[in-house]
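Below: the structure, in structure tokens.
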Ligand code: IMP
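Numbering (our numbering), first residue to last: 89 to 515.
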């Protein structure tokens with residue numbers, strides 16, 4: 089049975105965790121295919137709240153095998169902390185499989201992420217400072233260390249010494265920082281290796297076998313389409329490919345292995361970090377959305393920038409990911425506005441763009457063209473089917489469907505597991 093990919097279609101934080109939770113019952117394996125602990129999934133299972141950064145959400149379900157694929161970058165200390173904290177709360181992590189081919193985030197990656205951001209000054213990217221970009225850069229430069237290297241101390245030390253030579257020049261001569269010490273990194277990472285050894289395995293082989301045996305596999309994207317390294321709002325992006333196509337390379341499967349692609353979108357739009365955001369709301373509406381939607385980052389605690397639903401970006405994401413359906417989250421947060429704006433096009437120097445602009449200069453300066461829709465103020469958290477929603481909310485969802493030419497399968501109306509309106513489920 090082909091797999092399902094779950095991707096964010098905006099700038100992240102769309103509520104992918106809740107959707108994974110809704111799908112979990114019918115899922116045998118959950119695979120992370122990119123990113124690292126820059127992500128944060130908040131999931132409430134049986135009333136218990138979990139904030140996961142690296143371990144796939146599948147770990148919370150006894151019948152699921154959680155897999156960290158080769159496309160992920162792994163900070164071993166974070167992974168160990170997360171595993172230990174889960175175990176401490178009675179969650180069995182023994183089924184977790186960590187790909188040996190995944191790259192390691194090293195102490196100098198964290199340091200470089202910090203100093204590079206500082207050096208960019210007001211042009212900084214607003215990264216999560218978790219070392220993600222520098223780790224992927226080393227992977228591409230072929231001087232990265234991989235999880236499998238933790239199991240071979242000789243190789244680890246050789247690779248580390250090659251990498252560190254250049255890093256220390258950078259840290260000391262370019263950034264005026266202290267050099268890092270190979271011996272203390274070895275000591276630290278060898279200890280991590282001992283703890284992680286039981287989890288390291290043939291992740292790709294396991295995913296492929298699961299698909300071949302007809303088991304249901306969910307490819308869980310982190311971050312989102314507009315933060316994609318190739319297709320997002322470069323350079324204000326993350327350093328991996330969250331798009332559905334990224335699941336193939338990052339997990340080791342082919343395009344034919346994925347038949348269902350679920351796009352997750354908030355009913356409005358948020359963004360953390362720097363970068364253009366054409367449908368960003370004025371401060372009063374933004375503040376209202378921040379408070380009503382508790383829009384603070386799971387990983388960094390930063391306040392998110394809030395805005396209106398951007399149909400141009402959503403259409404772009406629908407095509408990039410060949411979405412088969414959309415799940416709209418946090419519809420209840422909009423239950424306070426007399427009227428709602430939807431960005432249906434951009435305008436730049438007198439030209440109108442119904443499609444996503446071909447270059448970032450245009451996107452950076454694009455002005456939103458809004459359509460105003462009637463809002464609603466009544467509480468909708470009790471709604472479970474379309475007819476339970478006020479007609480304005482139904483028409484809002486229909487407008488999203490039309491603008492994206494993609495069916496809306498679910499709309500979430502509250503944080504709880506059952507607070508969801510089921511419209512046209514694909515499963
Ligand atoms: P990095 O991934 O830490 O390098 O950060 C690059 C950009 O991606 C920054 O704008 C971050 O705020 C953003 N970003 C990274 N991970 C997430 C996420 O999980 N949710 C939302 N934004 C993210």
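Here a beta-carbon is modelled for each residue, glycine too, at the ideal position from N, C-alpha and C.
Secondary-structure assignment with DSSP links residue 191 through a beta bridge to 161 and 234. Between the ligand IMP and the CB of residue 243, the shortest heavy atom gap is not smaller than 6 angstroms. Here the alpha carbon of residue 387 sits roughly 8 angstroms from the alpha carbon of residue 125.
Straight across, the Cα-Cα distance linking residue 417 with residue 489 is about 14 angstroms. Among the bridge pairs identified by DSSP, residue 129 is matched with 140.
Separation of residue 256 and residue 154 (C-alpha to C-alpha, rounded to the nearest whole angstrom) is 36 angstroms. Relative to the ligand IMP, the beta carbon of residue 315 is positioned inside 6 angstroms of a heavy atom.
Assignment of alpha helix (DSSP H) within the region 407 to 472, counting only whole runs of 4 or more residues, yields 448 to 453 in chain order. Non-local C-beta neighbours of residue 321 in its own chain, meaning closer than 7 angstroms and more than five positions away in sequence, comprise 314, 363, 364, 448 and 451, ordered along the chain. Comparing alpha carbon positions, the residue from 334, 237, 422 and 389 closest to residue 192 is 237. With a cut-off of 6 angstroms, the C-beta of residue 360 is classified as near the ligand IMP, since at least one heavy atom of the ligand falls inside that distance.
Taking the C-beta atoms as reference points, residue 456 is found nearer than 7 angstroms to residue 366. The residue from 402, 414 and 262 with its alpha-carbon nearest to that of residue 98 is 402. Taking every protein chain shown into account, the CB of residue 277 has 16 or more other CB atoms within 10 angstroms, so this residue is buried. Relative to the non-hydrogen atoms of the ligand IMP, the Cβ of residue 466 never comes closer than 6 angstroms to any of them. Spanning the alpha carbons of residue 421 and residue 361 requires a straight line of approximately 22 angstroms. When the beta-carbon positions are compared, residue 370 and residue 299 stay at least 7 angstroms from each other.
Within the same chain, and ignoring the five residues on either side of residue 304 in sequence, the residues whose Cβ sits closer than 8 angstroms to its Cβ are 89, 91, 92, 114, 115, 116 and 117. With a threshold of 6 angstroms, the Cβ atom of residue 352 does not count as near the ligand IMP, since no heavy atom of the ligand is closer than that. Short note on residue 448: C-beta not closer than 6 angstroms to any heavy atom of the ligand IMP.
The residue from 378, 285, 342 and 423 with its alpha-carbon nearest to that of residue 307 is 342. By alpha-carbon distance to residue 134, the top candidate from 128, 143, 149 and 121 is 149.
Residue 397 is bridged by DSSP to 430. When DSSP states are grouped into helix, strand and coil, residue 346 belongs to the strand group. Taking C-beta separations shorter than 7 angstroms and ignoring five residues to either side along the sequence, the partners of residue 408 in its chain run 313, 319 and 331, following chain order. At least one heavy atom of the ligand IMP sits closer than 6 angstroms to the Cβ of residue 220. Every unbroken stretch of the alpha helix (DSSP H) spanning 4 or more residues and falling wholly within the region 178 to 222 is given here in chain order: 195 to 208. Closest option to residue 208, judged by alpha-carbon separation, among 324, 310, 384 and 156: 324.
Rounded to the nearest whole angstrom, the CA to CA distance from residue 464 to residue 484 is 10 angstroms. In this structure, residue 459 places its C-beta atom within 7 angstroms of the C-beta atom of residue 430. At least one heavy atom of the ligand IMP sits closer than 6 angstroms to the Cβ of residue 126. Taking the C-beta atoms as reference points, residue 442 is found nearer than 7 angstroms to residue 433.
The beta carbon of residue 327 sits closer than 6 angstroms to those of 220, 221, 224 and 317, all from its chain and outside the five residues before and after it, given in chain order. Taking all protein chains in view, the Cβ of residue 103 is crowded by 16 or more other Cβ atoms within 10 Å, so the residue is classified as buried. With a cut-off of 6 angstroms, the C-beta of residue 412 is classified as distant from the ligand IMP, since no heavy atom of the ligand falls inside that distance. With 16 or more other Cβ atoms from the protein chains shown falling within 10 Å of its own Cβ, residue 122 counts as buried.
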